[in-house]
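*Asks:* From first to last, the protein sequence lines are chains A and B. 1 is the number of the first residue of the first sequence in the working numbering; add one for each residue after it. 1 is the number of the first residue of the second sequence in the working numbering; add one for each residue after it. Mind looking over this structure? Questions follow.
2 protein chains.
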Amino acid sequence: MIKFDANYLKEFTFQVFRHMGCPDAEAIVAADCLNQADLRGVDSHGVARLSGYVRLWELKRLNASPNMKITHETPSTAVLDGDLGLGLVTAPYAMQIAIDKAKIAGTGWVAVQNSNHYGIAGYHAMLALEHDMIGISMTNASPLVAPTFSKSRFLGTNPIAVAIPALTQPPFVIDMATTTVANGKLEVLQRKGEDAPLGWAQDKDGNPTTDAFALRKGGSMLPLGGDREHGGHKGYCMGAMVDIFSAVLSGANYGPWVPPFVPFLEPPANPVGNGIGHFLGAIRIDAFRPAAEFKAHMDNWIETFRNAEPVLGQDRILIPGDPERELTVERKKNGILLHEQVVKDLRELSEKFSLDFNDTFTQ
Amino acid sequence: MIKFDANYLKEFTFQVFRHMGCPDAEAIVAADCLNQADLRGVDSHGVARLSGYVRLWELKRLNASPNMKITHETPSTAVLDGDLGLGLVTAPYAMQIAIDKAKIAGTGWVAVQNSNHYGIAGYHAMLALEHDMIGISMTNASPLVAPTFSKSRFLGTNPIAVAIPALTQPPFVIDMATTTVANGKLEVLQRKGEDAPLGWAQDKDGNPTTDAFALRKGGSMLPLGGDREHGGHKGYCMGAMVDIFSAVLSGANYGPWVPPFVPFLEPPANPVGNGIGHFLGAIRIDAFRPAAEFKAHMDNWIETFRNAEPVLGQDRILIPGDPERELTVERKKNGILLHEQVVKDLRELSEKFSLDFNDTFTQ
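What follows is the structure in structure tokens.
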């Protein structure tokens, strides 16, 4: 593990996207989105993914300078054709359209087709906060998850993010995969050589397993809840809803047709739509009640739940967004630790694009 | 258990609501909502709840002839003051407002305050289907659920329903509590004298328990996922989101302040809003893409998932809404079985309102 300054990584990421051909303004947003993932502790969706984006661009499965277009709209909705752009770019662009619509119509909802992996869902949802709006963000993703009672990998980890502003309290921010755990959690166990709890994954025949390598052996991840007895069908429902909102509404690929993020897997033949899909929403608070009044009640909600009685061995109740916000403070101060493999990938990128890269950097 | 014809129960329910003072049109909707719960297999939310509504009305905690008013609106949003009416009435009324707004603005979103228990969430969401719209419905509820790491009952089972139309396939209908199981599932185990699986409930100290009576002993239900290791914090996130959308946006009571449905418990002192809250949404399909095209893709989505490969011992993959639709066909044909206690309650209601009630009825 090598430690890097967060801003140094962001600047390097920006330069890579620029050299891929992204316009400056879009490269800034894309770099910020990956950087926020690293700061918030979603290491699997940060700079570790940068070389993957570059390889997809080299394979022409990703367009660095997309001509994004609204193909259909109403006062509160739009469909955005992302022109095979980075999801890191198309999703913030779509969220801005949603915010603009919410200013006039009260809410704005934008379905995106012809896009790519969009990083952490929470980044896009949080863009609404400074406008006194609730932000909603979801995306479908490469199929790794089996519907209840099945061994077919038909759904992605299909995350949902919801960001809600408060007054003096920090915002309430949900950012969650609709599976029991995100794939990154299994990768952590693989590196440690540890088993996974039951309910995280199943083997290729659909039997419960504790094997952290189950996916590499043809197994699948389980929807939130795990098996049927523990409500796994509800996680399947949530993942399915995200898939339909993101892709069937927008005209993107859904279910088993969602193209893989990894460059060594080919997209499925006979696609049912274009690229992968996202769904972004913005709800203007004062389309319901005065924003100051709402946010004062959010403070009360947050303070009430924070002061719920903890069980023995726990010292506090978390509010959605607490762990990520605290990690951000810590990592801005102390830096971001990267695995040697990730550093090696970044070094190769620096050579590919003739960029400076100081991997002995310390703050 | 005594078997009743579904239509007979609906007519009886209608008469009870009429005698409570509900206008005919509202009594019809309220009776239909309870009847659909019985047909769809959500026995805890059907005619079994009728005597509870009557007792709340007698205690003046429920207004049988509410003067519902829109207190604030934008092109795509509204807040409805339910005037302490039946949720069975205020929610369909709010959904109609959402549908009307979606016709013009593309989507419609209505937050309801000053309401009561609204029956099954799915009923209200499904009202959007015939308009080629997606329906969304959620409500908060009496606090029985502990946030992750807590032993405080601060959330209800806070359900989410999402109804999505298809073309030749039946609609896709999610209707789920954001807990591992609905409270009704624990009641079934209590009657059978059986234990609950781990992950459904915890005891009063927050320890995992298999005691189906845990709630009566000061314990609490667990959010979908169960404990932290199995993703219970994500169920907590979903339940919290439902609470905030239903009540903080609308001005209803939230968290521990949500008034209880049961008449023998007093509403909390110092309420933070009015009554309980709901959140209803309607999304016009052709605000995104032509409805026929969307619905053809929904057929493909449904057929694809239905044909996913089942695990050993399962013969098919379920699509959300399948079990409820199949039960409806069966119960319309064969009748609805009611527990003796429910029949006794109905008999007492018939005496209270001088109504005919034939409890030896068979089809």
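Cβ coordinates follow ideal geometry from the N, Cα and C atoms, glycine included. Treat the numbers as computed from the prediction; the structure is a model and nothing was measured.
(1) Going by the CB atoms, is the gap between A:Ser115 and A:Gly275 shorter than 8 Å?
(2) Suppose contacts are defined by Cβ-Cβ distances below 8 Å. Is B:Ser250 in contact with B:Val79 by that definition?
(3) Is it buried or exposed, A:Met1, if we count other Cβ atoms within 10 angstroms and call 16 or more buried?
(4) Any beta carbon from chain B within less than 8 Å of A:Glu326's own beta carbon?
(5) If I'm right that A:Leu222 touches A:Ala247 with Cβ under 8 Å, what's the distance once you round it to whole angstroms?
(6) Once DSSP output is grouped into helix, strand and coil, what is the label at A:Ser137?
(7) Once you ignore the five residues that flank A:Thr360 on each side, which residues in its own chain have a CB closer than 6 Å to its CB?
(8) According to DSSP, is B:Leu224 helix, strand or coil?
(9) Excluding the 5 residues flanking A:His72 on each side, which residues of the same chain have their C-beta closer than 6 Å to its C-beta?
(10) A:Asn114 by DSSP, collapsed to three states: which one?
(11) Exposed or buried, what is B:Phe17 when buried is set at 16 or more other beta-carbons lying within 10 Å of its beta-carbon?
(12) Taking Cβ positions, are B:Asn158 and B:Tyr254 nearer each other than 8 Å?
(13) What is the DSSP secondary structure of B:Gly52, counted as helix, strand or coil?
(14) Going by other Cβ atoms of all chains shown within 10 Å of its Cβ, with 16 needed for buried, is A:Lys151 buried or exposed?
(15) Report the start-end ranges of each beta strand (DSSP E) in the segment 154–202 of chain A that is 3 residues or longer and not cut off at the edges.
(16) Starting from A:Thr77, find everything on chain B with Cβ-Cβ shorter than 7 Å and list it in chain order.
(17) Pull up the CB-CB distance for B:Thr107 and B:Gly281, whole angstroms please, since I reckon it's below 8 Å.
(18) Could you please give me the residues that DSSP links to A:His19 through a beta bridge?
(19) How about B:Ala252 and A:Ser76: do their beta carbons lie closer than 8 Å?
(20) Helix, strand or coil: how does DSSP classify B:Glu73 here?
(21) For the beta strand (DSSP E) that A:Phe279 lies in, which residues bound it at each end?
(22) Below 7 Å on C-beta distance, what does A:Ser152 contact in chain B?
(23) For B:Ala37, which residues in chain A fall below 8 Å Cβ to Cβ?
(24) For A:Met176, go through chain B and note every residue whose CB falls closer than 7 Å to its CB, in chain order.
(25) Taking the alpha carbon of B:Val342 as the point to measure from, which residue in B:Ile120, B:Asp43 and B:Pro208 has its own alpha carbon closest?
(26) For B:Asn67, count the other beta carbons within 10 Å of its own beta carbon; 16 or more makes it buried, fewer makes it exposed. Which is it?
(27) Does DSSP put A:Ser150 in a helix, a strand or coil?
(28) Reducing DSSP to helix, strand and coil, say where A:Pro256 ends up.
(29) Apart from the five residues just before and just after B:His19, which ones in its own chain have a Cβ nearer than 6 Å to its Cβ?
(30) Candidates B:Asp195, B:Asp132, B:Gly193 and B:Asp203: which alpha carbon is nearest B:Pro170's?
(31) Can you pull the chain A neighbours of B:Trp57, defined as C-beta to C-beta under 8 Å?
(32) At the 8 Å Cβ level, is A:Glu229 part of the contact set with chain B, yes or no?
(33) Would you mind stating whether A:Leu86 and A:Tyr53 have Cβ atoms separated by less than 8 Å?
(34) Taking only three categories from DSSP, how would you classify A:Gln363?
(35) Could you name the residues of the segment 118–130 of chain A whose beta carbon sits closer than 8 Å to any beta carbon of chain B, in the order they occur along the chain?
(36) Put B:Thr304 into one of helix, strand or coil per three-state DSSP.
*Replies:* Judging by the given coordinates:
(1) As a first step, residue 275 of chain A must be located in the first sequence, where it is residue number 275. As a first step, residue 115 of chain A must be located in the first sequence, where it is residue number 115. Closer than 8 Å, so yes.
(2) Start at 1 with the first residue of the second sequence, and residue 250 of chain B comes out as number 250. Start at 1 with the first residue of the second sequence, and residue 79 of chain B comes out as number 79. Between B:Ser250 and B:Val79, the gap from beta carbon to beta carbon is short of 8 Å.
(3) For the purposes of this step, residue 1 of chain A is taken as residue 1 along the first sequence, with counting starting at 1. The residue in question, A:Met1, is exposed, as its Cβ has fewer than 16 Cβ neighbours within 10 Å.
(4) Here residue 326 of chain A refers to the residue found at position 326 when the first sequence is read from its first residue. Contacts with chain B at 8 Å (Cβ-Cβ) do not include A:Glu326.
(5) For the purposes of this step, residue 222 of chain A is taken as the residue at position 222 of the first sequence. For the purposes of this step, residue 247 of chain A is taken as the residue at position 247 of the first sequence. Not a contact, Cβ separation roughly 21 Å.
(6) Within the first sequence, residue 137 of chain A is the residue found at index 137, counting from 1. Strand at A:Ser137.
(7) Position 360 of the first sequence, counted from the start, is the residue given in the question as residue 360 of chain A. Same-chain partners within the cutoff: there are none.
(8) Walking along the second sequence from the start, residue 224 of chain B turns up at place 224. Three-state DSSP puts B:Leu224 in coil, outside helix and strand.
(9) Counted from its first residue, the first sequence places residue 72 of chain A at position 72. Shown here for A:His72: same chain residues with a beta carbon closer than 6 Å to its own, the five before and five after excluded, namely Val79 in chain order.
(10) As a working mapping, residue 114 of chain A is identified with position 114 in the first sequence. Secondary structure at A:Asn114: strand, using DSSP grouped into helix, strand and coil.
(11) The sequence position of residue 17 of chain B within the second sequence is 17, counting from 1. Burial call: buried.
(12) For the purposes of this step, residue 158 of chain B is identified with residue 158 of the second sequence, where counting begins at 1. For the purposes of this step, residue 254 of chain B is identified with residue 254 of the second sequence, where counting begins at 1. No, Cβ-Cβ distance for B:Asn158 and B:Tyr254 is not below 8 Å.
(13) The residue you call residue 52 of chain B lines up with position 52 of the second sequence. Correct three-state label for B:Gly52: helix.
(14) As a first step, residue 151 of chain A must be located in the first sequence, where it is residue number 151. A:Lys151 is buried by the Cβ-count criterion.
(15) 160–164 and 172–176
(16) If you number the first sequence from 1, residue 77 of chain A lands on position 77. Gly106, Thr107, Ala287 and Phe288, listed in chain order.
(17) Numbered from 1 along the second sequence, position 107 holds the residue referred to as residue 107 of chain B. Numbered from 1 along the second sequence, position 281 holds the residue referred to as residue 281 of chain B. That belief holds up - the Cβ atoms of B:Thr107 and B:Gly281 are roughly 7 Å apart, short of 8 Å.
(18) Translated into positions along the first sequence, residue 19 of chain A becomes position 19. Its beta-bridge partners do not exist; DSSP assigns none.
(19) Counted from its first residue, the second sequence places residue 252 of chain B at position 252. Counted from its first residue, the first sequence places residue 76 of chain A at position 76. Not in contact: B:Ala252 and A:Ser76 (Cβ atoms no closer than 8 Å).
(20) Looking up residue 73 of chain B in the second sequence gives position 73. Looking at B:Glu73 - three-state DSSP - the assignment turns out to be strand.
(21) Taking the first residue of the first sequence as position 1, residue 279 of chain A is located at position 279. First-last of the beta strand (DSSP E) with A:Phe279: Ile276 to Arg284.
(22) The residue given as residue 152 of chain A occupies position 152 in the first sequence. Those within 7 Å of A:Ser152 in chain B are Ala308 and Glu309.
(23) Indexing the second sequence from 1 puts residue 37 of chain B at position 37. Here the premise fails: no neighbours, minimum Cβ distance about 18 Å.
(24) Walking along the first sequence from the start, residue 176 of chain A turns up at place 176. Lys234 and Cys237, listed in chain order.
(25) Here residue 342 of chain B is taken as the residue at index 342 of the second sequence, counted from 1. Considering only alpha carbons, the answer is B:Asp43.
(26) In the second sequence, the residue the question calls residue 67 of chain B occupies position 67. With fewer than 16 Cβ atoms within 10 Å of its Cβ, B:Asn67 is classed as exposed.
(27) Within the first sequence, numbered from 1, the residue matching residue 150 of chain A stands at position 150. A:Ser150: strand per DSSP, three-state reduction.
(28) Mapped onto the first sequence, residue 256 of chain A falls at position 256. A:Pro256: helix per DSSP, three-state reduction.
(29) By 1-based counting over the second sequence, the position of residue 19 of chain B is 19. Phe353.
(30) Residue mapping note: residue 170 of chain B aligns to position 170 of the second sequence, counting from 1. When only C-alpha atoms are compared, the closest one is B:Asp132.
(31) Within the second sequence, residue 57 of chain B is the residue found at index 57, counting from 1. Within 8 Å Cβ-Cβ: nothing; B:Trp57 doesn't reach chain A, min ~28 Å.
(32) Locating residue 229 of chain A in the first sequence gives position 229, counting from the first residue. Closer than 8 Å: yes.
(33) For the purposes of this step, residue 86 of chain A is taken as the residue at position 86 of the first sequence. For the purposes of this step, residue 53 of chain A is taken as the residue at position 53 of the first sequence. The answer is yes: Cβ separation under 8 Å.
(34) Within the first sequence, residue 363 of chain A is the residue found at index 363, counting from 1. Because A:Gln363 sits at a pLDDT of 47, beneath the cut-off of 50, its placement in the model cannot be relied upon, and the following sentence gives the value as read from the coordinates. Coil at A:Gln363, not helix or strand.
(35) none
(36) Position 304 of the second sequence, counting from 1, holds the residue named residue 304 of chain B. Three-state DSSP puts B:Thr304 in a helix.
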